[in-house]
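There are 2 protein chains.
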Amino acid sequence: MKVLIIGAAGMVGRKLVERIAVEPEILGGPIETLSLVDVFEPPVPTSLAAIAKPGTVDLAKPGVAEQLIADRPDLIIHLAAIVSGQAEADFDLGYAVNLDGTRWLFDAIRTEGLKEPYCPRMVFASSIAVFGAPFPESIPDDFFTTPLTSYGTQKAISELLLADYTRRGIFDGVGIRLPTICIRPGKPNAAASGFFSNILREPLSGQEAVLPVDESVRHWFASPRSAVGFFTHASTMDTSLIGPRRNLMMPGISATVGEEIAALERVAGPKAAALIKREADPTIQGIVAGWARCFDATRARELGFTAETEFDEIIRIHIEDELDGKIGG
Amino acid sequence: MKVLIIGAAGMVGRKLVERIAVEPEILGGPIETLSLVDVFEPPVPTSLAAIAKPGTVDLAKPGVAEQLIADRPDLIIHLAAIVSGQAEADFDLGYAVNLDGTRWLFDAIRTEGLKEPYCPRMVFASSIAVFGAPFPESIPDDFFTTPLTSYGTQKAISELLLADYTRRGIFDGVGIRLPTICIRPGKPNAAASGFFSNILREPLSGQEAVLPVDESVRHWFASPRSAVGFFTHASTMDTSLIGPRRNLMMPGISATVGEEIAALERVAGPKAAALIKREADPTIQGIVAGWARCFDATRARELGFTAETEFDEIIRIHIEDELDGKIGG
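For the record, the sequence lines run as chains A and B.
Here full-length UniProt numbering is used: position 106 in the first sequence is 106, and no number is missing along the way.
Here full-length UniProt numbering is used: position 142 in the second sequence is 142, and no number is missing along the way.
Given below as structure tokens:
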């Protein structure tokens with residue numbers, strides 16, 4: 001099979017490719033060509049060098065989508081996006097990439113299919129940002145999408161297009177609404193959600209981390225390993241079971257910051273937990289107050305998507321996957 | 001004030017203009033210019049000739065939106081759309097008009113506002129087609145939009161853009177999800193929903209009408225007069241009360257076909273009801289089975305939108321507004 005991953009240099013993209021390197025048939029069969037594209041050149045694991053075709057592209061440029069679709073990939077995993085803060089700061093860029101880029105990709109598949117029958121699997125990364133406060137305590141699968149950011153708006157629009165193009169037989173789409181990924185690997189960043197990972201990742205490496213909110217703050221999490229699993233499952237599942245409602249909120253763990261810290265203490269000991277410094281930040285507190293706390297995610301679970309069931313597991317996965325099993329840096 | 005009505009030659013557009021002719025300040029104050037545009041030249045009531053600027057435009061053509069916005073209207077009522085059946089039959093046309101045309105209009109307002117501060121009221125006609133079966137018996141205001149037509153998809157996307165552009169301060173938007181309008185004036189048409197009006201309008205004029213479904217079929221209705229009221233209220237209301245969720249399901253009556261016929265018999269007598277011929281049509285029965293039966297419409301009612309409370313009123317409005325008070329043709 002031919003596979004195209006758009007956004008292959010991002011965190012989820014890289015982890016997905018690393019997973020393919022370990023399990024070459026995880027996307028449903030042997031891969032003939034693996035096109036890996038992003039605005040930066042995506043890394044290619046040595047074992048995939050023979051089949052990988054890395055490239056740098058800007059999906060917001062006219063003609064790019066047609067080039068990507070020209071060799072008719074059987075499976076397309078679309079992870080590329082301008083992130084939330086940047087899409088809010090730059091109206092034109094966010095709409096150009098997150099809406100127009102996605103629509104051009106979808107339309108390039110339609111154009112290709114008008115030449116000769118073609119209906120690839122299309123797995124699209126959406127986000128909890130399609131929802132906007134106020135919420136019920138646990139958000140049901142049939143809750144409406146009233147985003148409060150341009151990023152969330154662009155993702156919600158792309159979801160609607162995905163469902164309509166699927167209904168029309170243009171492709172076989174699955175929209176994956178990702179929970180907040182935790183523990184996000186890498187360095188601390190300035191994103192408002194960064195602290196959810198920082199307060200675990202940094203202490204696990206012997207570093208201090210700042211907690212800007214109260215321990216009672218509750219949010220919805222899944223590990224990077226689960227995120228990869230969402231995309232491999234969506235790539236291989238029987239989509240006839242989904243029906244016309246093609247966008248699925250992924251399972252996760254609803255946990256408070258206090259529960260995160262208790263799990264850290266159980267897995268890594270009180271010295272690790274003691275590295276968390278409490279420095280209240282009213283701006284971040286205000287932003288986080290508008291975030292979803294819990295989802296039912298019933299449909300996704302029934303369709304075979306799985307995530308962690310306790311927070312300790314999220315921490316152990318980080319230790320295994322990022323720290324070679326060693327705590328303390 | 002300057003007013004622009006796009007889609008002014010359609011049924012709701014014409015009735016809205018006729019209402020303005022009778023009550024010249026119903027849109028919130030004296031009107032300086034009333035631009036009335038559509039793909040056909042909209043009719044202009046004599047009393048509005050001095051202020052009306054009728055025109056034929058195609059919103060799907062580049063540059064048209066900018067021309068419409070060039071004189072900076074204070075109020076824009078956007079009713080124009082490719083209808084459901086045509087948008088389903090012609091993929092490109094539906095997306096070009098219902099999505100791109102609407103977005104170009106919204107972007108033209110943004111461009112105008114970047115030159116000099118500008119934030120008009122924008123009232124947008126959406127539809128119950130943003131919802132897709134299966135539904136709960138009565139659909140709550142926070143139910144998700146999972147359209148099952150390209151038309152519904154295009155309306156749902158436009159709603160998301162309306163909310164985001166409003167949040168950004170580009171305009172002050174209100175999205176009006178219209179119930180099925182009943183009794184629709186004019187001739188019987190081939191639309192799957194046509195019979196809901198046909199079985200009342202034709203007998204009220206002494207003509208036979210065909211009922212293709214069972215009397216137990218339930219649907220959601222408002223009169224053309226109520227539809228006009230939705231747009232005049234949205235044009236003049238205090239939008240600060242709406243909050244960020246700018247798209248509102250309008251109130252209406254949930255009634256079965258049997259209740260429609262009983263109301264006809266009460267208002268116009270058994271001879272009128274006897275003009276309804278039952279001819280089951282499995283295709284129409286199948287389409288109608290997927291339609292919404294009832295809405296809560298709580299938010300819109302709380303925000304001052306009103307519709308009929310009993311079906312007899314819907315019939316009396318048709319007799320008053322379309323038949324000069326006379327039953328029987």
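Every residue gets a Cβ at the ideal spot worked out from N, C-alpha and C, and that includes glycine.
Exposed is the label assigned to A/G186, since fewer than 16 other Cβ atoms lie within 10 Å of its Cβ.
The shortest C-alpha to C-alpha distance from A/T166 to any of B/E159, B/D164, B/T153 is the one to B/T153. In this structure A/R278 is exposed. Its beta-carbon is surrounded by fewer than 16 other beta-carbon atoms within 10 angstroms. Against chain A, the CB of B/S150 has a partner CB under 8 Å away; the residue lies at that interface.
Sorting A/E313, A/Q285, A/T33, A/G169 by C-alpha distance to the C-alpha of A/G243 places A/G169 at the top.
Put simply, the segment 197-207 of chain B touches the segment 261-281 of chain B. At least three CB pairs are less than 8 Å apart.
Under a criterion of Cβ atoms nearer than 9 Å, no residue of chain A is adjacent to B/T102; the nearest Cβ is some 12 Å distant. What B/G132 touches in chain A, judged by beta-carbon distance under 7 Å, is P244, going in chain order.
When secondary structure is reduced to three states using DSSP, A/T149 falls in the coil class, being assigned neither helix nor strand. With respect to chain B, the C-beta atom of A/R167 has a partner C-beta closer than 8 Å.
Remark: fewer than three beta-carbon pairs, one from each stretch, lie closer than 8 Å, so the segment 81-95 of chain B and the segment 35-54 of chain B are not flagged as touching. Between A/F231 and the set A/L93, A/G304, A/N198, the nearest pair of CA atoms involves A/G304. The segment 282-297 of chain A and the segment 124-141 of chain A touch, with three or more beta-carbon pairs separated by less than 8 Å. Excluding the 5 residues flanking it on each side, A/R301 has same chain C-beta neighbours closer than 8 Å at P251, in chain order.
In terms of Cβ geometry, B/I319 and B/I327 form a close pair [threshold 8 Å].
Look at the beta carbons and you see the segment 204-213 of chain A not touching the segment 97-113 of chain B: under three pairs across the two are nearer than 8 Å. Remark: C-beta atoms of A/V213 and A/I284 approach each other more closely than 8 Å. For A/D172, the closest Cβ of chain B is not nearer than 8 Å. If you check each beta-carbon in the segment 27-45 of chain B against every beta-carbon of chain A, none falls closer than 9 Å. Chain-order list of chain A residues neighbouring B/D58: empty, with the shortest C-beta distance near 21 Å, by a criterion of under 7 Å. Excluding five sequence positions before and after B/G175, the CB atoms of its chain that fall closer than 6 Å to its own CB belong to F124, S126, E159, L162, R246, N247, given in chain order. Ranked by how close their Cα comes to the Cα of B/F131, the residues B/G113, B/R121, B/A156, B/I109 have B/A156 in first place. Neighbourhood of B/A156 in chain A, by CB distance below 7 Å: L160, in chain order. Proximity of the segment 56-63 of chain B to the segment 18-25 of chain B falls short of the contact definition, fewer than three beta-carbon pairs being nearer than 8 Å. Here A/K115 is exposed. Its C-beta has fewer than 16 other C-beta atoms within 10 Å.
According to the DSSP secondary-structure assignment, A/A125 is paired through a beta bridge with A/I176.
Under the three-state reduction of DSSP, A/G55 is assigned to strand. B/M249 is bridged by DSSP to B/R177. DSSP places B/I5 inside the beta strand (DSSP E), whose first and last residues are 2-6. In this structure, the beta-carbon distance from B/F171 to B/P120 falls below 8 Å. Bridge partners of B/D38 according to DSSP: B/T56.
In the three-state DSSP reduction, B/R218 falls in the strand class (E or B). Counting C-beta atoms within 10 angstroms of its own C-beta, B/G13 has 16 or more neighbours from the protein chains shown and is therefore classed as buried. With fewer than 16 other Cβ atoms inside 10 Å of its own Cβ, B/K271 counts as exposed. Collapsing the DSSP output to three states places B/V22 in a helix.
Here A/K61 carries a coil assignment [DSSP, helix/strand/coil].
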